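When we follow this note's numbering, the leftmost residue of the sequence shown carries the number 13, and every step to the right adds one.
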Amino acid sequence: MKISNIHIENFRGLKEINLTPSQMNCVIGENNAGKSTALLAINLFLKGTKISESDYYDKSKEIFIDITFNDVNENDLNKISDEENRSRIQKIIGNNQLKFRRKYKLDLSSDLLCYKKIPINIIYKADWISNQLKGKKAPEIKIFMRDTYQLSQDVVSSISSQTAAKEKIDELIEQLPSNEFCYDWENLPTGFSNTVIPMFPEPIYIPAVKDFSDETKTKESTSFGKLIKILFTQIEESPEFIEIKNSFEKLNKMLNRQIIKGEDGTEQLIDDRLDSLKSLELEIEKVFQESFSQIKLELQIPNPEVKQIFNSTQILIDDGIKTTIDYKGDGVKRTLVFSILRTYVEKLNCNKKNTDYIFLFEEPELYLHPNGQRILYNVLEKLSLKDQVFVTTHSPNFFSATAKETCFIKIYKDFSSSPPCSKAKEINFVINSTYKDAFQIICYENSTPAFFSKKVLLVEGDSDLIFLKGLSRFINESYCFEKTNIPIIRIQGKMNTKRFYDFYKHFDIEVFTLLDLDILIDGFEKLEFGTESSELNALRQNLLIKLDQFCEEQGISSKINGKIISEQAKKISWQDKYKRLKELANKVRNREEVSDDELKEIDELFEFETNNKRREALKLSETFYLEEKVKLINRLYDLGYFVLNLGAIEAYYPEQTSGEDKPSKALNALEIIEKQNISYLPKIPYQQTDQCELSLIMNKIFS
């Protein structure tokens, strides 16, 4: 079974978050955002360990950690050894799903509850029934059952104990109609939490370096010890191990008396101990009986087990000075954990065990160089094919463009709450593949650092990135994209704008976008305006009407050539319109009536020609400060869309700028500015004054 939902409430900084994890889960966010708290909560649910008063976000409320398990199967149930308890748990499974709640009460103690179908009426609830029956004898029980459940005297006469009463109530509950039930959190049907814990995955919690010293000890209770135990379980089936185990049994017979049961059930004492041990025991007993003559003495030596030997395993590291792992640096310790994980993953294919694990790994990238981080991510991804993995990370190397069953969880502080609390945003590619294409492009473009930012700037290409990054310090010395952690992301064309915009917005990252002027003609409908859509579309329509009037007045014609037509013909939308044109042409040929809407469809086929004229008009100086154009650009600016009034970024270079290609031209422009200044940069009307256009953009980004 796998964890499909996690709900954490009132634990430390997590006031309330809800997660839908996958097999591989990357938890990201700034320091002190609450990433480690999420992993600790999972570990707390599984182990039920003690907490302190400071772990309560609101000290007047209880802590809830709810986990839903999906795909519960027979193997999971068989981990409950008691058949009756197994049957009780099976009854609360719905759609192969189990829900449990770890509740920490105000006295710091915890209960494990389950989510199950229960009767609505209080007279059928276990706690109420127990309280009502408490202290009652047979006559009182009969009266209670008769009056509460309207039972006949014949039925009541056979009920003489609390146990019998509860059994009868269970029968009555079975007969209730479905509309008299609801789902709620209740005590476990087995009574005790340790009856169901064997079903849960074994947590392997590997903390960050600050807590790591104790965890590197090899005792079984530590994560390090658990990892070693996982590997040693694979040794148990080897012939050599079985031989050692048999030798230990022989050794036990040499050290202790054996009690053998015969077929008839009688017990026989066999003493095959070493003669020297027998002699020592007699000598001690003889001296002892000088004081207590009636008392017998027996030496019993603990039976040696291979498990005990493994628990005392020591790992020695020889880096010129051979010592245990405890005396080595944190980097060596974490690399050793990494090595054990890799070994475990490589053996997974060889031996599939029933034991389920859940790996909780804090900042696994610590002390690993970038290539090592990428390798470790691949190891963890393979690990997740069998067991669920949760990692907290600050490293962009823990993002893979090929991730298929990965959930990315961003945890961040909400300072509007008092006290501040953590919130979570997630993308689970198994549940929602909407953002998958954008994510893969981001990974291939090495733009994953933006996940860890509060703001990003989207640009169309290399020239925009190079020039803006270099220009910022000339506008204001404090404006630096690197120092303020504002990544500039290339989206490789304006048609990708919405895809990237929606993706980053999903993580509550503030998104700014720099676009060439032609976005006002082509691709405008792809931009995300939310509730401002109607206003922006109206402003754009006013501009298009003005441009069309200008084209007609100036006699601007569309410069159509074979290349343009060829490019248009490759577009699916144009091909569909062309097919529709043929259908309408057949209507005309057959002298059928063509409606106004159909005539409009014919005009739309040649929309690219109209748009081409509009683009030509926007290149002319007469339209640089067209009122309708400036209004639209200013409104887009307010929403974080920076449309370049003069066309493309190259129009903002110093006049004498040259270069072999676009990137070198952008670099040369910055060199010229270094020697001169930015006073040449063009202005644009904004809020009734003319202001430097690029300065306006920078001010907005860095405000």
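All residues carry an ideal CB built from backbone N, CA and C; glycine is no exception. All values derive from a computational prediction rather than experimental measurement.
> So the beta strand (DSSP E) Met266 belongs to, where does it begin and stop?
Replying inline: The residue given as residue 266 occupies position 254 in the sequence shown. Not the beta strand (DSSP E): Met266 falls in the alpha helix (DSSP H), residues Pro251 to Leu267.
> Counting only runs that start and end within the segment 500-537, where is the beta strand (DSSP E) found for 3 or more residues in a row?
Replying inline: 500-502 and 522-527
> Can you give, in chain order, each stretch of the alpha helix (DSSP H) that sits fully within the segment 292-373 and has at least 4 residues?
Replying inline: 318-323 and 342-360
>> Between which residues of its own chain and Asp223 is the CB-CB distance below 7 Å, once the five residues before and five after are set aside?
In response: For the purposes of this step, residue 223 is taken as residue 211 along the sequence shown, with counting starting at 1. Only weak support exists for where Asp223 lies, its pLDDT of 45 falling under 50; the coordinates are left without a value.
>> Please state the DSSP three-state secondary structure of Leu539.
In response: Residue 539 sits at position 527 when you count from the first residue of the sequence shown. Residue state, collapsed to three classes: coil.
> Near Lys538, which residues of its chain fall below 8 Å by C-beta distance, leaving aside the five closest residues on each side in sequence?
Replying inline: Locating residue 538 in the sequence shown gives position 526, where the first residue counts as 1. Once the five neighbours on either side are set aside, the close Cβ partners of Lys538 are Lys506, Met507, Thr509 and Lys510.
>> By DSSP's criteria, Asp94 is part of a beta bridge. Which residues make up the other side?
In response: Within the sequence shown, residue 94 is the residue found at index 82, counting from 1. Answer is none; Asp94 lacks a bridge partner.
> Since Phe486 contacts Ile685 with CB under 8 Å, what's their CB separation in whole angstroms?
Replying inline: Numbered from its first residue, the sequence shown carries residue 486 at position 474. Numbered from its first residue, the sequence shown carries residue 685 at position 673. Contact flag correct, Cβ pair sits at about 6 Å.
>> DSSP has Arg113 in a bridge; who is on the other side?
In response: The residue labelled residue 113 in the question sits at position 101 within the sequence shown. Partner(s): Asp78 and Leu125.
> At which residues does the beta strand (DSSP E) containing Thr697 begin and terminate?
Replying inline: Along the sequence shown, one-based indexing puts residue 697 at 685. The question names Thr, yet the displayed sequence has Pro at residue 697. Start and end: Lys695 to Tyr698.
> Straight-line CA distance for Ile271 to Gly277?
Replying inline: Position 259 of the sequence shown, counted from the first residue, corresponds to residue 271. Position 265 of the sequence shown, counted from the first residue, corresponds to residue 277. In a straight line, the C-alpha of Ile271 is about 12 Å away from that of Gly277.
> Which first and last residues belong to the alpha helix (DSSP H) in which Ala563 is found?
Replying inline: The residue given as residue 563 occupies position 551 in the sequence shown. Per the sequence presented here, residue 563 reads as Cys, with Ala not at that position. Segment Ser545 to Gln566, the alpha helix (DSSP H) holding Cys563.
> Under the three-state reduction of DSSP, which class applies to Gln174: helix, strand or coil?
Replying inline: Taking the first residue of the sequence shown as 1, we reach residue 174 at position 162. Helix.
> What separation, rounded to the nearest whole angstrom, lies between the Cα atoms of Pro697 and Asp530?
Replying inline: Against the sequence shown, residue 697 aligns to sequence position 685. Against the sequence shown, residue 530 aligns to sequence position 518. Between Pro697 and Asp530, the C-alpha separation is close to 19 Å.
> Is the segment 119-139 touching the segment 193-205 in the sense that three or more CB pairs, one from each, lie closer than 8 Å?
Replying inline: yes
>> For the beta strand (DSSP E) containing Lys27, name the first residue and the last one.
In response: Locating residue 27 in the sequence shown gives position 15, counting from the first residue. Residues Leu26 to Leu31.
> Applying the criterion that 16 or more other CB atoms from any shown protein chain within 10 Å of the CB defines a buried residue, is Val523 buried or exposed?
Replying inline: Position 511 of the sequence shown, counted from the first residue, corresponds to residue 523. Buried.
> For Glu634, which of helix, strand or coil comes out of DSSP?
Replying inline: Position 622 of the sequence shown holds residue 634. Glu634 falls in the helix class under three-state DSSP.
> Quick one: any contact between the segment 123-131 and the segment 143-153, if contact means 3 or more CB pairs under 8 Å?
Replying inline: no
> I think Ile20 touches Leu26, with their Cβ atoms under 8 Å apart; what is that distance to the nearest whole Å?
Replying inline: For this step, residue 20 is matched to residue 8 along the sequence shown. For this step, residue 26 is matched to residue 14 along the sequence shown. About 5 Å; that satisfies the 8 Å criterion.
> Measuring CB to CB, does Thr175 end up less than 9 Å from Asp94?
Replying inline: Against the sequence shown, residue 175 aligns to sequence position 163. Against the sequence shown, residue 94 aligns to sequence position 82. No, Cβ-Cβ distance for Thr175 and Asp94 is not below 9 Å.
> Would you call the segment 109-120 and the segment 61-71 touching, i.e. three or more CB-CB distances under 8 Å?
Replying inline: yes
> Using a beta-carbon distance below 9 Å, is Ile181 in contact with chain C?
Replying inline: Among the protein chains of the structure shown there is no chain C, as only one such chain exists.
>> Bridge partners for Gly438 per DSSP, in chain order?
In response: Start at 1 with the first residue of the sequence shown, and residue 438 comes out as number 426. Residue 438 is actually Glu in this sequence, not Gly. Its beta-bridge partners are Ile421.
>> On a Cα-Cα basis, can you pick out the residue from Leu469, Tyr516, Thr525 and Tyr491 that is closest to Pro499?
In response: Within the sequence shown, numbered from 1, the residue matching residue 499 stands at position 487. Of the candidates Leu469, Tyr516, Thr525 and Tyr491, the one whose C-alpha sits nearest the C-alpha of Pro499 is Leu469.
> Hey, how far is the Cα of Tyr513 from the Cα of Glu540?
Replying inline: On the sequence shown, residue 513 is found 501 positions in, with the first residue counted as 1. On the sequence shown, residue 540 is found 528 positions in, with the first residue counted as 1. Each residue's alpha carbon lies about 8 Å from the other.
>> Taking a contact to mean a Cβ-Cβ separation below 9 Å, would you say Thr61 touches Ser16 in this structure?
In response: Within the sequence shown, the letter at position 49 stands for residue 61. Within the sequence shown, the letter at position 4 stands for residue 16. For Thr61 and Ser16, no; Cβs fall outside 9 Å.
> In the structure shown, what three-state DSSP assignment does Asn85 receive?
Replying inline: Working through the sequence shown from its first residue, we reach residue 85 at position 73. Coil at Asn85, not helix or strand.
> Using DSSP with H/G/I as helix, E/B as strand and the rest coil, what is Tyr491?
Replying inline: The residue given as residue 491 occupies position 479 in the sequence shown. The answer is coil: DSSP assigns Tyr491 none of H, G, I, E or B.
> Is Glu317 near the ligand NAD, judged by its Cβ being under 8 Å from some heavy atom?
Replying inline: This structure simply doesn't include the ligand NAD, nor any ligand for that matter.
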